[in-house]
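Engineer: Okay, so the sequence shown: first residue is 0 according to numbering that gives the first Met the number 0, each after it adds one.
Glycine is no exception: its CB is placed at the ideal position from the N, C-alpha and C atoms.
Since the model is a prediction, treat every value here as computed from it, not as a measurement.
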Amino acid sequence: MRSAILGTGFYTPEKILTNFDIEKMVETTDEWITQRTGIKQRRIAADNESTSDIALKASLKAIENSDIKKEEIDYVIVATVTGDFLFPATANVLIDKLGINNIPSVDISAACSGFVYGLELADALIKSGKYNKILLVGAETFSRIVNWEDRTTCILFGDGAGAGIIGKSDEDNGILSTFNSSNGSKARLLFIEGGGSYKPFSQEVLKEKSMYVKMNGREVYKAAIETMYEAVKVSAERAQVGIERIDYFIFHQANKRIIDSIAERFNIPQEKIIINLDKYGNTSAATIPIALAEAVESGKIKKGDIIALSAMGAGFTWGGAIVKL
Ligand code: UT7
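1. Can you tell which of E119, E192, G195 has its C-alpha closest to the C-alpha of S176?
2. Using beta-carbon positions only, say whether T11 and R42 come within less than 7 angstroms of one another.
3. Where M0 and S168 are concerned, what is the direct C-alpha to C-alpha distance, given to the nearest angstrom?
4. Looking at the secondary structure, which residues open and close the beta strand (DSSP E) in which E63 lies?
5. Name the residue from N146, F9, S2 whose alpha carbon lies nearest to the alpha carbon of I287.
6. Give me, in chain order, the residues of the same chain whose beta-carbon lies closer than 7 angstroms to that of K132; leave out the 5 immediate sequence neighbours on both sides.
7. Relative to the C-alpha of I349, which residue among I224, I272, L5 is closest?
8. In the DSSP output, what is T177 paired with across the bridge?
9. Quick check: is any heavy atom of ligand 1 less than 6 angstroms from the C-beta of G216?
10. How many angstroms separate the CA atom of S49 from the CA atom of D83?
11. Return yes when at least one heavy atom of ligand 1 lies under 6 angstroms from the C-beta of A253, else no.
12. For S181, which option in C153, R264, V212, V115 has the closest C-alpha, if you only look at C-alpha atoms?
13. Could you tell me which whole alpha helix (DSSP H) segments of length 4 or greater appear in the stretch 217–270?
14. Out of curiosity, what's the CA-to-CA distance linking R187 and V231?
15. Whose CA, out of F190, W147, S209, lies closest to the CA of D20?
16. Report, in whole angstroms, the separation of the C-beta atoms of T27 and I154, which I expect to be a contact under 8 angstroms.
17. Any idea which residues DSSP pairs A138 with across the strands?
18. Just verifying my parser: in three-state terms, what is the DSSP assignment at Y74?
19. Assuming contact is defined by CB atoms lying nearer than 7 angstroms, are T79 and A292 in contact in what I supplied?
20. Out of curiosity, what's the CA-to-CA distance linking K299 and S209?
21. To the nearest angstrom, how far is the alpha carbon of V295 from that of P199?
22. If M214 sits next to S309, beta carbons under 8 angstroms apart, how far is it from one beta carbon to the other, in whole angstroms?
23. Between the Cα of A223 and the Cα atoms of G193, A262, S201, S196, which residue gives the shortest distance?
24. Is N281 close to ligand 1? I mean its beta-carbon at under 6 angstroms from any heavy atom of the ligand.
25. Tell me the rounded alpha-carbon separation between V25 and G193.
26. To the nearest angstrom, how far is it from the Cα of A3 to the Cα of F250?
27. Between A223 and ligand 1, is there a pair consisting of the residue's CB and a ligand heavy atom that are separated by less than 6 angstroms?
This is the structure in structure tokens:
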């Protein structure tokens with residue numbers, strides 16, 4: 000038995016913050032950001048919008064597009080590192096907002112790899128026979144955890160949510176393979192140091208601003224190319240699908256140059272690569288489900304297409320999947 004993505008949905012907040020807007024906030028230029036990353040603008044959640052709110056909107060669309068009733072959902076996974084609260088899980092908040100309490104709901108903390116981590120777990124839960132319809136969401140409000148005075152990070156991120164319903168496959172479609180991995184020795188290259196048990200929130204944390212994202216961009220950049228390349232290679236091998244048979248590639252949308260490097264190594268033509276980072280920036284765990292849902296909605300990705308997913312994020316974590324829609 001196989002599991003499949005039955006339907007997808009996405010939501011991005013209304014407020015647009017362009018590179019020109021950021022020029023007025025830190026010492027940077029539209030030209031630098033565009034050339035180094037490919038990002039032109041990003042969405043920013045409204046003050047009264049938290050991660051569970053945007054997750055809810057993406058979830059409702061995924062439910063509608065899957066032709067299921069929300070009551071059929073028997074497990075909810077939210078991939079996020081920007082949850083509503085330190086605890087409990089944003090998935091708990093989400094099931095209440097959806098009106099589907101009394102089912103298991105849990106968050107995954109795998110940063111930008113959160114959706115592909117969730118997909119591997121959802122796939123296994125469906126195959127176990129214990130659950131039938133899993134709501135998997137990638138939702139982030141990075142605008143709340145970046146230091147808007149740090150030009151090396153604040154230009155990169157945006158807010159948004161994407162969701163999918165994972166259920167049994169009745170046809171020859173489905174999740175053909177998954178691959179997840181991680182390396183904890185790299186934890187300090189992309190992290191938030193303050194506000195956790197290691198360095199509890201204090202005046203010192205506030206003063207040094209260690210409650211915000213800190214990143215060694217160059218190290219993350221190099222690792223992203225290697226790990227996202229590996230994620231596609233291993234996922235394709237596991238699915239016994241040649242790279243040339245893959246119709247579309249959805250890489251984590253962090254930097255256009257990273258995606259171009261991997262595409263060059265595999266010799267993937269540009270038209271097979273889904274890019275939306277110019278519009279939304281890096282929405283961490285939400286980039287892949289937003290890109291997938293948007294490409295399906297626009298009619299670019301169609302039923303029967305074979306898609307490769309590949310992500311890398313803090314941890315370091317990385318992973319991929321081959322999915323036939
Ligand atoms: O989602 C998880 C995965 N995250 C990522 O994949 C992000 C990976 N990293 C990157 O995408 C890139 O490393 C960045 C886009 C963050 C930076 O690009 P880079 O080409 O690696 O630049 P750099 O950090 O080496 O900095 C080059 C120069 C520096 O100046 P000096 O030292 O050469 O004088 C920086 O101070 O650019 C300067 N710089 C900026 N200048 C204008 C750094 N940020 C900015 C900025 N505007 N926003």
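Structural biologist: Taking the coordinates as given:
1. E119
2. yes
3. 7 angstroms
4. First-last for E63: 50–65, but that is the alpha helix (DSSP H), not the beta strand (DSSP E).
5. F9
6. I67, E71, I72, D73, I164, G166
7. The first residue shown for the chain is 0 and the last is 324, placing residue 349 beyond what the model contains.
8. A320
9. yes
10. 6 angstroms
11. yes
12. V115
13. 255–265
14. 25 angstroms
15. W147
16. 6 angstroms
17. A160
18. strand
19. no
20. 42 angstroms
21. 43 angstroms
22. Wrong, their Cβ atoms sit about 20 angstroms apart, outside the cutoff.
23. A262
24. yes
25. 23 angstroms
26. 19 angstroms
27. yes
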